[in-house]
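Top to bottom, those sequences are chains A and B. Per our numbering, the very first residue in the first sequence carries number 1; after that it's consecutive. Per our numbering, the very first residue in the second sequence carries number 1001; after that it's consecutive. Backbone N, C-alpha and C define an ideal beta-carbon position, used for all residues, glycine too. Fair warning: this is a prediction, and the values are worked out from it, not measured in the lab.
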Amino acid sequence: MNKITLYLKQAWMMIRQNKLFSSIYITGTGLSIALTMTLFVILYIKFAPLYPEYKRDRTLIIDSVEKTEKDSTSNNYWQSTPNFSLVSMICQLPSVDAVTGVKADYWGLSRIEASTLHTSTPIVLKHTDAGYWKVYDFEFIDGRPYNDSDIQSKSKNVVVSQSCAKRLFMTEDVINKTIEISGSEYEIIGVVKDVAAVMDNKTVADVWAPFSTTEYTDIDDLLGDCEIAITAKSDNEIDAVKAEIAEMMHKYNQHDKLFNYQLLGPDTYWASQFRFGKILNEKDELLKYGYILFALLIIPALNLSGMISSRMNKRLPELGIRKTYGATNRQLLSQILWENFLLTIFGGFVGIIICYAILLCGSSWITNILHNGFIESTQLLSDNLSIEMLFNWWVFAAVLAICFILNIISALIPASISLRQTIINSLNPKQ
Amino acid sequence: MFRTTLKQIWNQRRQNGWIFFELLFVGIFLWIVLDPLCVQIANKNIDRGYEQDGIYILKMNKIPRTSHKYSTEMDNDSLVRLQFLDIIREMRNLPEIESFAIAYGMAYANSGSFSGGELFADTALSKRTHLQFYHFVPVEGSDILKTYRLKDVNSGATMTIAPDFASRNLIYISENSAKMLYGRTDVVGEKCYDYKKDVREIAGVFKDFKDRDYNQPYPTAFASASFCNDIEGNFYMHWSYTFTFRVKDEVDQAKFEKRFEEEIKLKLSRGNYYCLGIERFDIAALNMAEVFGELNSTRRNTIFAIFGLMCVFLGMVGTFWVRANARRQEIGVMRSIGASKWRISSQFLTESAILVSVAVIFSTIIMAHYVYTNNFFANVNMLSKDMLNPEYWQNNPITHFSVISIIVYLVLLVTSLIGTLIPVSRATRELPAEALHDE
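And the structure:
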């Protein structure tokens, strides 16, 4: 431990002596760590259990259904989002914990005007069934969610977010108050904690209303305009749910004389993030993330290796003297790695600051940055990002791991090469 | 000097190896990120073929049936038609408006909608082109050519719709459509056919037109159709017909937008219809670029390009700072025998330039293989390769490869030279006596 303290002290002295070199090294490391950490935060937001989607590890998604004619001479083919009758069928399966249908918004999450007697504001409205409040763990600050009887009676009861309540009424105490949306009056029965706008399309909204209050109805037996999220009773039962849904569809198709229906899914939550229509290409997408991570680490690592290599040349006489007095290559290598680790840790701090600056400046688009093609972005009354997304142990552990990896790959090879020199060559490198 | 520099590079091969490999990696990395970025910028810089500034979209909505404000009596086909015509007339008569077009459905630029179809130059259906149809309703003075200020390909004059456009089943096609069909642009009066062999007469050819800002011009036709020769009343009228208009050049757009929001919008409620507001075409274009991911990929590639260049810059500064420090004595000797600061700097700069050039040669060879197997960044808005306009550099494989390679080389070279110059000029500023004192 004393040795390490000594190494770190020496490294601190070197940082103070070579300010330009140190600042370049720290900036280079910080840059790499900032982008790598941003990548981790994006992936964390995409896949980790976050409010209100704490059950992502046991959630299954069905966003599309295909319909073909049983008549083999026909090439007719339909593809659409499923409808709410499929939700009713799935909720009866034994391994299913809860299921919900969320009305799809084909034009992205468009904002509509909500108003009270005194004010009006554009909001994002989401129509769901009652199962929604079981699949997702919304935190109710006040009131209650709408239930099955509200759905059946087409009650115009809505749940609003904290920010929406504050914007419309300047208070969170809004239960039983009414708001007008698209010419219809709704009564507020619940207030939930805000959802960050970068969360999944199914959970982001300012106002939630029963789907039965909309005027558009399901198109077909199984084709309609809702997206389905299912939670299994435990993550071990995901395969059982998939098997039960496959069996259910098999029976349904046997029963239907004219058409065959095929679900595009159910996909596990993480796999659903990589589905584009019929194509589920999670391996290629993960490989893409791998390439990006490789580039973000290898380019700065080469950069730092070059700088360390140049500096090692300058320090050869010092290493020669240490060797003369009995220091082993292993001890010297350990010293160099510790010295660089200190610099890398400083780089890590710089990286965290740059990363948070990137995330806050680009909060509305940064989580989509790796996505190709059509973007579903939402502008809510609440913030784009939440505290739990930015400050959590997983992200900090990832930063520390990156610092460690970067330190090893950038310092190990140039240091080992320099330490191969004999004592005489080290003492007089100009010869 | 060149030979001395080469010798110097060889002598410092161990340190140079790291920076060389970094340059090689960054060269490849930059090629991959700059290729789509440059193509997107090049596509965006292609003339969109119409004047975007001054055009607006009128956003209408309808009170839902579930609302207590909904009126069943006001919602029959003949009434809603009259209500809609009334809204059009109200808008048309605004003093700020120069011209307008009633788009059928979402047939306006940057709507995100695409109505594709084929046109043929002969009844044998041998010469064909796929194109985007803009169907619009030619009633009440609706003129899409005038509203968009489309230019005649031959005369350059702003075009207007012929008064007998609908009755004669006329069609206006873009320059690239005419070239695809006839191989020339002077085709006014020529006949063209749809897949049912229904004949249409070409009434004009306008300059290439871009539906979205980040796309290349797609063959386009402005056509009438039996289903949209007149406004028909239906439940979804606010989706079936979109009112787009141009304000006069002398109109202060900010003032007009304010007046619209405060005054005009409220006057446009008819029956169950009400006005949501107006959207400027350039805002709609920006929104489309956001939704279709074009801004997203531009941001991503810009961030990655900056990251790669920053790494190279820092690498060069770091490496040459250590190197210049180690060669302080040599610099001192050179300065004491009369070498100028620039003479010394140029030696280091040449070293740096040689390293960059060799790294870029290797990275270009690797990228040549990469694009041979994986292709260039594709321009996705074309249905087939033969529709690509060879006049754009990004559509010609050799020019495309050369342009991107040169850009990568220049960007890398400039970054490296700046990165080298900073520590070297610092070292040369030292007095020769001080530098030699260390010796």
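I'd like to check one pair, residue j with residue i: are the Cβ atoms closer than 7 angstroms?
i: K1059 (chain B); j: G1277 (chain B); result: yes
i: C1228 (chain B); j: H1135 (chain B); result: yes
i: S1416 (chain B); j: S1346 (chain B); result: no
i: S426 (chain A); j: L316 (chain A); result: yes
i: L60 (chain A); j: P266 (chain A); result: yes
i: P1443 (chain B); j: R1335 (chain B); result: The structure shown does not extend to residue 1443 (chain B), since chain B is modelled only from 1001 through 1439, so no value can be given for it.
i: T1185 (chain B); j: E1201 (chain B); result: no
i: M1106 (chain B); j: S1113 (chain B); result: yes
i: A205 (chain A); j: V135 (chain A); result: no
i: W1342 (chain B); j: L302 (chain A); result: no
i: K1062 (chain B); j: H1238 (chain B); result: yes
i: T367 (chain A); j: I45 (chain A); result: yes
i: V1322 (chain B); j: R322 (chain A); result: no
i: L1037 (chain B); j: N1301 (chain B); result: yes
Using three-state DSSP, classify residue i as helix, strand or coil.
i: H1400 (chain B); result: helix
i: I188 (chain A); result: strand
i: H1068 (chain B); result: coil
i: R420 (chain A); result: coil
i: W365 (chain A); result: coil
i: L109 (chain A); result: Interpretation of L109 (chain A) is limited by its pLDDT of 48, a score under 50 that renders its predicted location unreliable; the figure taken from the coordinates is listed afterwards. Three-state DSSP puts L109 (chain A) in coil, outside helix and strand.
i: D1152 (chain B); result: strand
i: R330 (chain A); result: helix
i: Q1052 (chain B); result: coil
i: T1123 (chain B); result: coil
i: T119 (chain A); result: coil
i: N1374 (chain B); result: helix
i: S1099 (chain B); result: strand
i: F21 (chain A); result: helix
i: Y269 (chain A); result: helix
i: H1369 (chain B); result: helix
i: I1161 (chain B); result: coil
i: R1003 (chain B); result: helix
i: G290 (chain A); result: helix
Are the C-beta of residue i and some C-beta of chain B separated by less than 7 angstroms?
i: N253 (chain A); result: no
i: G30 (chain A); result: no
i: R315 (chain A); result: no
i: W213 (chain A); result: First, the amino acid is wrong: residue 213 (chain A) is Thr here, not Trp. It does; some Cβ of chain B falls within 7 angstroms.
i: R311 (chain A); result: yes
i: S184 (chain A); result: yes
i: S64 (chain A); result: no
Is there at least one Cβ from chain A nearer than 7 angstroms to residue i's Cβ?
i: M1288 (chain B); result: no
i: L1058 (chain B); result: no
i: C1275 (chain B); result: no
i: I1028 (chain B); result: no
i: N950 (chain B); result: Beyond the ends of chain B as shown, which are 1001 and 1439, falls residue 950 (chain B); an answer cannot be given.
i: V1322 (chain B); result: yes
i: L1314 (chain B); result: yes
i: F1114 (chain B); result: no
i: E1022 (chain B); result: yes
i: Q1008 (chain B); result: no
i: S1067 (chain B); result: yes
i: P1064 (chain B); result: yes
i: Q1015 (chain B); result: yes
i: N1011 (chain B); result: no
i: W1239 (chain B); result: no
i: F1281 (chain B); result: no
i: T1302 (chain B); result: no
i: W1018 (chain B); result: yes
i: I1041 (chain B); result: no
Mind pulling the chain E residues with CB within less than 9 angstroms of residue i?
i: T27 (chain A); result: Included in the structure are the protein chains A and B, with no chain E among them.
Please specify which runs of the beta strand (DSSP E), each continuous and at least 3 residues long, are wholly inside the stretch 60-102 of chain A, giving them in chain order. 64-69 and 77-82
So, do the stretch 384-391 of chain A and the stretch 265-285 of chain A have three or more beta carbon pairs nearer to each other than 8 angstroms? no
Kindly provide the ranges of any beta strand (DSSP E) runs that are 3 or more residues long and lie completely inside the stretch 233-263 of chain A, ordered along the chain. none
How do the stretch 39-50 of chain A and the stretch 250-265 of chain A stand: do at least 3 beta-carbon pairs fall below 8 angstroms, yes or no? no
Minimum length 3: unbroken beta strand (DSSP E) runs contained in the stretch 1164-1204 of chain B: 1170-1174 and 1191-1193
Quick one: any contact between the stretch 1146-1158 of chain B and the stretch 1050-1057 of chain B, if contact means 3 or more CB pairs under 8 angstroms? yes
Taking the runs of the beta strand (DSSP E) that are 3 residues or longer, which of them lie wholly in the stretch 1206-1265 of chain B? 1220-1223 and 1241-1247
Mind pulling the beta strand (DSSP E) runs of 3 or more residues that sit fully within the stretch 1287-1340 of chain B? none
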